[in-house]
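Read the structure below first, then the notes.
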Amino acid sequence: MADRTSPKKASAATLSVWGGEEDPLVQGATQVPVVYSAAYGYPDVDAWLDVALGHRPGHMYSRNTNPTVEAFEAKVRLLEDAEAATSFATGMAAISNTLFTLLSPGDRIVSVKDTYGGTNKLFLEFLPRFGVRVELCETSDHDGIEAAIAKGCKVVYLESPTNPTLKVMDISRLAAAGRRAGAVVVADNTFATPINQNPLALGADLVVHSATKFLGGHADALGGAVCGGRELVRRVFHFREITGASLDPMAAFLLVRGMKTLALRIARQNESALAIARWLCEQPAVAAVFYPGLETHLHHEIARRQMRGYGGVLSFTLKGGFEAVKRVLPKLRLARRAANLGSVETIAGPPATTSHCECNAEERAAMGIPEGLVRYSVGIEDTNELIADLGQALGAA
Ligand SMILES: Cc1ncc(COP(=O)(O)O)c(C=O)c1O
-8 MADRTSPKKA SAATLSVWGG EEDPLVQGAT QVPVVYSAAY GYPDVDAWLD
42 VALGHRPGHM YSRNTNPTVE AFEAKVRLLE DAEAATSFAT GMAAISNTLF
92 TLLSPGDRIV SVKDTYGGTN KLFLEFLPRF GVRVELCETS DHDGIEAAIA
142 KGCKVVYLES PTNPTLKVMD ISRLAAAGRR AGAVVVADNT FATPINQNPL
192 ALGADLVVHS ATKFLGGHAD ALGGAVCGGR ELVRRVFHFR EITGASLDPM
242 AAFLLVRGMK TLALRIARQN ESALAIARWL CEQPAVAAVF YPGLETHLHH
292 EIARRQMRGY GGVLSFTLKG GFEAVKRVLP KLRLARRAAN LGSVETIAGP
342 PATTSHCECN AEERAAMGIP EGLVRYSVGI EDTNELIADL GQALGAA
């Protein structure tokens, strides 16, 4: 678990590169080494005991802490300007460990209908089995969410922008409602990234990430992170060190390396996604475009207040529905058709095979996710070439 050692001083661009990497770890190596050691040895029992009791820095066993993993945690913590951070094997491990740390039988959690599919499954399939009462509100109905929170709950769980319909939740307003109810407010910041939005600064208590996506940025490593106040993060860390969904050191190394270009990548992806969203709005084959940067987006005003950029993911529906999606997707030359997002290469796919493949058609419909939707995660390719590629593919619609 990475705790605050120095206050945030630098910009996000500089922290992406230097955060957590100020001191060479091994013999002057300029890059964070991959420490593949299950345990750490201490010939002196007193020194060993000091580390075990937390009286001096050091590591005991890599399920608990590991030097490479700590560098990753420190970088995320600095970018989110948090007191503390801990990490996980995946984003879903970060989310489930957080919820199982905070909730007990009889507790109530308030969230929204269209969170990421895996999170929705936790709400509908797993938490109720442990006696947790789950209330999922309409994502756009802030009055309704506030009312549900005011009835009393242990946790308020937010995700903004949402996956895959890019709805935006007013984090300040809902965090204030959570605070009034004495709840812990958790926000999934995977889509926005700390470059575009800092939920802790908007009032959330904990921020969770799938580092697999934009943080790592290269679609080659799975990981998750949780940042927030020292005591809350310590509890989540403790749950993970015992239950064991720890981040692998090699994945931590890849994530640290990917994050060095985070600010650069996100600036490019913000710009390209907005240009592509605007262009898609003009296309006759396209029925609707969902991107919070569009002035016509339902929640543009909230997004403008709480985000510095609108992110690299957009989605759109085609006039011919799912049949048109099946014709257009194979024509894309500059997109991987895969269940992922946030990488340097563009990735496209429908919710049925990406964000909500765990859900059936009825469940997707209940969440307001059209079957004919395409989620399009913009990479760092040339913007005009991406538009030209979409143009030739839409000819098949
Ligand atoms: C918003 C969001 N949160 C969490 C996750 C889960 O992350 P992981 O796949 O790393 O477990 C995803 C995955 O797509 C996601 O999109």
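Just so you know, the sequence shown maps onto residues -8 to 388 in the working numbering.
For glycine and all other residues, C-beta sits at the position ideal for the given N, C-alpha and C.
If you're wondering where the values come from, they're calculated on a predicted model, not measured in any experiment.
| Check | Outcome |
| --- | --- |
| Exposed or buried, what is R259 when buried is set at 16 or more other beta-carbons lying within 10 Å of its beta-carbon? | buried |
| Check whether the region 86 to 95 and the region 140 to 158 are in contact - that is, three or more C-beta pairs closer than 8 Å. | yes |
| Once DSSP output is grouped into helix, strand and coil, what is the label at D179? | strand |
| What's the C-alpha gap between R124 and A4? | 41 Å |
| Tell me the DSSP secondary structure of I338 in three-state form. | strand |
| Between the region 300 to 307 and the region 272 to 284, can you find at least three pairs of beta-carbon atoms closer than 8 Å? | yes |
| F91 lies in the alpha helix (DSSP H); which residues open and close that run? | G82 to L93 |
| I100 bridges to which residues according to DSSP? | V125 and V146 |
| Count Cβ pairs between the region 167 to 183 and the region 127 to 142 that sit closer than 8 Å; are there 3 or more? | yes |
| Between L197, L246 and L193, which has its C-alpha nearest S163's C-alpha? | L193 |
| Would you identify the three-state DSSP class for L305, choosing helix, strand or coil? | strand |
| Are the beta-carbon atoms belonging to T130 and K158 less than 7 Å from one another? | yes |
| For the alpha helix (DSSP H) containing A167, list its first residue and its last residue. | I162 to R171 |
| For A30, which beta-bridge partners are listed by DSSP? | Y52 |
| Measuring only from the beta carbon, is T337 closer than 6 Å to any heavy atom that is part of ligand 1? | no |
| With a threshold of 8 Å on Cβ separation, who are the neighbours of A30 within its own chain once the five nearest residues in sequence on each side are excluded? | M51, Y52 and S53 |
| Note down, one range per segment and in chain order, each alpha helix (DSSP H) of at least 4 residues found wholly within the region 231 to 315. | 240 to 250, 253 to 272 and 291 to 297 |
| Between the Cα of G386 and the Cα atoms of V176, L323 and E353, which residue gives the shortest distance? | L323 |
| Looking at the structure shown, is H200 part of a helix, part of a strand, or coil, going by DSSP? | strand |
| Under the criterion of a Cβ to heavy atom distance below 6 Å, does N154 qualify as lining ligand 1? | yes |
| Using 8 Å as the threshold, is the region 195 to 210 in touch with the region 24 to 38, meaning 3 or more CB pairs across them? | no |
| Evaluate H290 with the Cβ neighbour count: other Cβ atoms within 10 Å of its Cβ, from every protein chain shown; 16 or more gives buried, anything less gives exposed. | buried |
| I think L238 touches L197, with their Cβ atoms under 8 Å apart; what is that distance to the nearest whole Å? | So it is not a contact: roughly 17 Å between Cβ atoms. |
| Thinking C-beta only, is V247 closer than 7 Å to A85? | no |
| Quick one: what's got a C-beta closer than 8 Å to S368's C-beta in the same chain, skipping five residues either side? | G303, V304, N331, L332, G333, S334, T337, I338 and A339 |
| Exposed or buried, I233, counting other C-beta atoms within 10 Å across all chains shown (16 or more means buried)? | exposed |
| Tell whether a beta-carbon distance below 7 Å holds between V316 and P341. | yes |
| Cβ of M83 within 6 Å of any heavy atom in ligand 1? | yes |
| Terminal residues of the continuous beta strand (DSSP E) containing R355? | Note, R355: premise wrong, no beta strand (DSSP E); alpha helix (DSSP H) at A352 to A357. |
| Considering only heavy atoms of ligand 1, does any lie closer than 6 Å to the CB of D179? | yes |
| The beta strand (DSSP E) with A76 in it runs from where to where? | A75 to F79 |
| From this set, M250, K142 and V103, which residue's C-alpha is nearest D179's C-alpha? | V103 |
| Report yes if the C-beta of T287 is less than 6 Å from at least one heavy atom of ligand 1; otherwise report no. | no |
| Report, in whole angstroms, the separation of the C-beta atoms of S7 and A254, which I expect to be a contact under 8 Å. | 5 Å |
| How would you label P376, buried or exposed, when you count the other beta carbons within 10 angstroms and need 16 or more for buried? | Here the sequence assigns Glu to residue 376, which means Pro is not the residue at that position. By the 10 Å Cβ count, E376 comes out exposed. |
| Find out if the Cβ-Cβ distance for the pair G11, A75 is shorter than 7 Å. | no |
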